[in-house]
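Residue numbers (this note's numbering), protein chains in the order written: chain A, -16 to 256; chain B, 12 to 269; chain C, 116 to 454.
Set out below in structure tokens:
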């Protein structure tokens, strides 16, 4: 540890100043926009935003989809992570690589694929009609279901990665020991696995939830104008009507939602122990 | 039995995660005129068409420029910052750490809009400049974090020894520290490159006539033409990202750093 | 830090180089049929003017919003948008009146296109009819009211209210459902009730072309300018002639105020309005001519909105009326339709 502060600051400050001036200051001005009026400070931007039924619907839809995606990702994530940890070292490395792989691929490409899969003439509908489950194709595109599936696929890897790294830290013998002592799998999960992996769950949960809140492409392509989410609503407000007050309100909501999700999950994690 | 269940769960999960990507590869190789799976016959014509679309060429160059130079700029200010935060006891180091990490927390679409409103419009920045700054800021947290973790693994007494043996502090850094964190810096570069190259929300508002990043251009193209060339392009880009990551993994065990 | 500055400078240099090469004219146009426009208009014009065209695409209302956002320092020199979006920009003082003496082809335009929004703030360059495009192997369309009927439930798309086609569709639905009351609120309420039966509300005709070629949608209102995307499809598409008639509109050219590139912009406008270019664009089956000297074959005419008789038969919604009511429509639409 060196003690020359001036030297240290000279090294650290360019990055901090860059971030501050070119990033935080513009964002802060944008966030303050909804609070400013000709006469002074105001909250009318917020009251007006939430008085519109469409905005309320979009707000709750975004929250709902975020929670659903994060919750489903946690369930699948635990199952997948558990299986990955149980593999031998070589297979584990390979499978882990395959899980990480989608993160390197453009989200445009990953979302685009779902148009082909979920369309009226896509594979899912061909299968449903082929199996006789329905006479006519089911409408999947431009529904919340489509957006849900798209978001889940986009962010599931983040949950699996977080949970795998958490599970790798569980001592090898703990689970077999609990089993021998007569615990069933549910008990093992609640009493052993969950407490030991909660940090991974918090990280994964926050990443998936905020990812789902702030994704643009998936709701834009798979939801369209009928399934607006906050991010697509913001884009529309700005692009169609130059409505920067609404944009500022939505920006604040998104940031507050991300932060509170993080805090809430942390709180839950500490309360359990 | 448990083994079988294990593989069934993994098989289903991986199908869900990777299946769509495989479908895109084949949908792009269609001999037909519209996007479909299974494709109407196989041909490489859409893969070939990608290279003839002029806007793709332009936006590819812009995205490359941003990904390479934005990440380099982020490393240029990020490596010293990571070094300072690891090796010095700075007043307010928590604040500096938070400021530098902030771009990861703020949703990209807001960043893009903020830069458009308060840099491009009033200060007469070009859209390209704003994109460059936005992408640099976006990559900065990754650069600092990845390089920090590799500095963390490097014992500080090595540099102290070098200084005692007569090196200047700068020489100690370039001769002792830098060679040892090379892998971390490269990992940060690759992570930054991929993040920047695939970035959509930040660039959404930062586009102007003739200035579009590749993902935004693909979105615009999809709105106009519904042929399999976007699928082909997506597949090509995915292969490019994968090739870079695999090369890095081969050369230095990239995954150790991420 | 020095290195950083160097890098920033080189980044700036890279950005600047494209601007230095030739004179550039930045135009803002609709996003459909860009390949055809390139052949019929952009490439030949670049030859003639020895300049470079930079083209921004998008739907009318989004591009209008961008022109407004950049009003202090116009990015766009010349734009083609809907007549009501042009009027809205004119009322906000963001576009400049046109100097007709610089448009040698002005007198050849149909009278309705010569000064469509007053004060020479715009000139019309194309008329279009709006009707319903549908899969004639699957359904029959006799009336605009069929859009909300049982046969199309779950397979129909309507234009979004903010786009150019939105108000036209409301007008025709009002004719079909209420005998043309002129008050669209009950129509919007009805669309709201049936919202679940509507696949999506499209905002660009190119987007609709996709949906219909993908068989996601089998009928939707559409402007005739986008018809060529359907005509050549392997699927069987037809253009409806509903009993209430067809709607219609005009797209216009405008000049942004104080863009500093007026000479080149006039050159492009005049070239675009010339008999030569209007004929080429008509023969590519994109935009129907506003230049009355254009003569095309019967086959081409069948695919366009061609000739005074047809143009006069269209149901028109005046730009002023659209602007006066648009906010109220959007408000009701947001509350009742896309919830």
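Each residue gets a CB set at the ideal place from its N, CA and C atoms; glycine is no exception. Predicted, not measured: the structure shown is a model, and the values here were computed from it.
Tell me whether residue i counts as near the ligand PLP, meaning its Cβ is closer than 7 Å to at least one heavy atom of that ligand.
i                     : result
residue 57 of chain A : Within the structure as shown, the ligand PLP is missing, as the structure has no ligands at all.
Find out if the Cβ-Cβ distance for the pair residue i, residue j is shorter than 8 Å.
i                      : j                      : result
residue 123 of chain B : residue 158 of chain B : no
residue 248 of chain A : residue 49 of chain A  : no
residue 145 of chain B : residue 217 of chain B : yes
residue 141 of chain A : residue 190 of chain A : yes
residue 228 of chain C : residue 405 of chain C : yes
residue 390 of chain C : residue 408 of chain C : yes
residue 107 of chain A : residue 116 of chain A : no
residue 367 of chain C : residue 239 of chain C : yes
residue 225 of chain C : residue 272 of chain C : no
residue 101 of chain B : residue 110 of chain B : no
residue 46 of chain B  : residue 40 of chain B  : no
Compute the Euclidean distance between the alpha carbons of residue i and residue j, then round it to the nearest angstrom.
i                      : j                      : result
residue 194 of chain C : residue 443 of chain C : 27 Å
residue 132 of chain C : residue 248 of chain B : For residue 132 of chain C, the predicted structure reports a pLDDT of 47, less than 50, and the residue's modelled location is therefore unreliable. The matter cannot be settled from this model.
residue 86 of chain B  : residue 191 of chain B : 16 Å
residue 278 of chain C : residue 307 of chain C : 17 Å
residue 380 of chain C : residue 161 of chain C : 12 Å
residue 121 of chain C : residue 79 of chain B  : At residue 121 of chain C, the pLDDT of 49 sits below 50, so the modelled position is not reliable; the number obtained from the coordinates is stated separately. Residue 121 of chain C and residue 79 of chain B: Cα-Cα distance of roughly 15 Å.
residue 35 of chain B  : residue 48 of chain B  : 8 Å
residue 176 of chain B : residue 55 of chain A  : 58 Å
residue 225 of chain A : residue 114 of chain B : 25 Å
residue 210 of chain C : residue 374 of chain C : 10 Å
residue 124 of chain C : residue 204 of chain B : Low per-residue confidence applies at residue 124 of chain C: pLDDT is 49, beneath 50, and the placement is therefore not dependable, though the value from the model is reported in the following sentence. Looking at the two C-alpha atoms, the distance is approximately 21 Å.
residue 153 of chain A : residue 187 of chain A : 17 Å
residue 350 of chain C : residue 343 of chain C : 13 Å
residue 29 of chain B  : residue 80 of chain A  : 12 Å
residue 124 of chain A : residue 167 of chain B : 56 Å
residue 181 of chain B : residue -13 of chain A : 14 Å
residue 174 of chain A : residue 138 of chain A : 27 Å
residue 421 of chain C : residue 244 of chain B : 39 Å
residue 324 of chain C : residue 282 of chain C : 20 Å
residue 303 of chain C : residue 451 of chain C : 8 Å
residue 360 of chain C : residue 138 of chain C : 46 Å
residue 58 of chain B  : residue 202 of chain C : 44 Å
residue 118 of chain A : residue 105 of chain A : 15 Å
residue 140 of chain B : residue 148 of chain B : 12 Å
residue 258 of chain B : residue 87 of chain A  : 14 Å
residue 371 of chain C : residue 186 of chain C : 8 Å
residue 180 of chain A : residue 150 of chain A : 6 Å
residue 71 of chain A  : residue 67 of chain B  : 44 Å
Contact check, residue i vs residue j under 8 Å by CB: the rounded distance?
i                      : j                      : result
residue 93 of chain A  : residue 212 of chain A : The Cβ separation is near 17 Å, so there is no contact.
residue 218 of chain C : residue 384 of chain C : 6 Å
residue 215 of chain A : residue 206 of chain A : 7 Å
residue 376 of chain C : residue 348 of chain C : Residue 376 of chain C to residue 348 of chain C, Cβ: 39 Å. No contact.
residue 147 of chain A : residue 64 of chain A  : 5 Å
residue 132 of chain A : residue 82 of chain A  : 18 Å between Cβ atoms; not a contact.
residue 218 of chain A : residue 142 of chain B : With a Cβ gap of about 17 Å, residue 218 of chain A and residue 142 of chain B do not count as contacting.
residue 161 of chain B : residue 77 of chain B  : The pair is not a contact, with the Cβ atoms about 25 Å apart (cut-off 8 Å).
residue 230 of chain B : residue 71 of chain B  : That pair is no contact at about 14 Å.
residue 223 of chain A : residue 180 of chain C : 6 Å
residue 309 of chain C : residue 269 of chain C : Wrong, their Cβ atoms sit about 10 Å apart, outside the cutoff.
residue -6 of chain A  : residue 153 of chain B : Not confirmed; about 18 Å, so no contact.
For the segment 209 to 225 of chain A, list every residue whose C-beta sits within 8 Å of some C-beta in chain C, in sequence order. Within the segment 209 to 225 of chain A, the qualifying residues are 209, 211, 221, 222, 223, 224, 225.
Does the structure place the segment 278 to 293 of chain C close enough to the segment 249 to 259 of chain C that three or more beta carbon pairs sit under 8 Å? Contact holds: three or more Cβ-Cβ distances are below 8 Å.
Using a Cβ-Cβ cut-off of less than 8 Å, list which residues of the segment 117 to 135 of chain B approach chain C; keep chain order. Listed in chain order, the positions of the segment 117 to 135 of chain B with a beta carbon within less than 8 Å of a beta carbon of chain C are 132, 135.
So if I threshold CB-CB distances at 8 Å, which residues from the segment 103 to 114 of chain A count as touching chain C? Those would be 103, 104, in chain order.
Could you please tell me which residues of the segment 10 to 41 of chain A, in chain order, have their CB closer than 8 Å to any CB of chain C? Listed in sequence order: 35, 36, 37, 40.
Does the contact criterion of 3 or more C-beta pairs under 8 Å hold for the segment 238 to 246 of chain C versus the segment 418 to 435 of chain C? Between the segment 238 to 246 of chain C and the segment 418 to 435 of chain C, the count of Cβ pairs shorter than 8 Å is three or higher; the stretches touch.
Listed in chain order, which residues of the segment 39 to 61 of chain B have Cβ atoms closer than 7 Å to some Cβ of chain C? Listed by position along the chain: 45.
In the segment 92 to 104 of chain B, which residues sit with their C-beta less than 7 Å from some C-beta in chain A, listed in chain order? Cβ contacts with chain A: 92, 94, 95, 96, 98, 99, 100, 101, 102.
Does the segment 231 to 250 of chain A come close enough to the segment 16 to 32 of chain A to have 3 or more Cβ pairs within less than 8 Å? Touching, yes.
Please confirm if the segment 163 to 177 of chain C is in contact with the segment 349 to 365 of chain C, defined as three or more CB-CB distances below 8 Å between the two stretches. The segment 163 to 177 of chain C vs the segment 349 to 365 of chain C: no contact.
Under 8 Å: do the segment 332 to 339 of chain C and the segment 194 to 203 of chain C share three or more Cβ pairs, one atom per stretch? With a cut-off of 8 Å, the segment 194 to 203 of chain C and the segment 332 to 339 of chain C do not count as touching, because too few Cβ pairs lie within range.
When the Cβ atoms of the segment 3 to 14 of chain A are set against those of the segment 154 to 172 of chain A, are three or more pairs found closer than 8 Å? Output reads no: the segment 154 to 172 of chain A does not touch the segment 3 to 14 of chain A.
Residues of the segment 311 to 327 of chain C with Cβ closer than 8 Å to any Cβ of chain B, in chain order: Across the segment 311 to 327 of chain C, CB contacts with chain B closer than 8 Å involve 319, 321, 322, 324, 325, in sequence order along the chain.
Against chain C: residues of the segment 73 to 91 of chain B by CB proximity under 8 Å: Cβ contacts with chain C come from 76, 80, 83, 84, 87, 88.
Which of the residues in the segment 200 to 231 of chain B, read from start to end, lie with their CB under 8 Å from any CB of chain C? Listed by position, the residues of the segment 200 to 231 of chain B near chain C (Cβ gap below 8 Å) are 219, 220, 221, 231.
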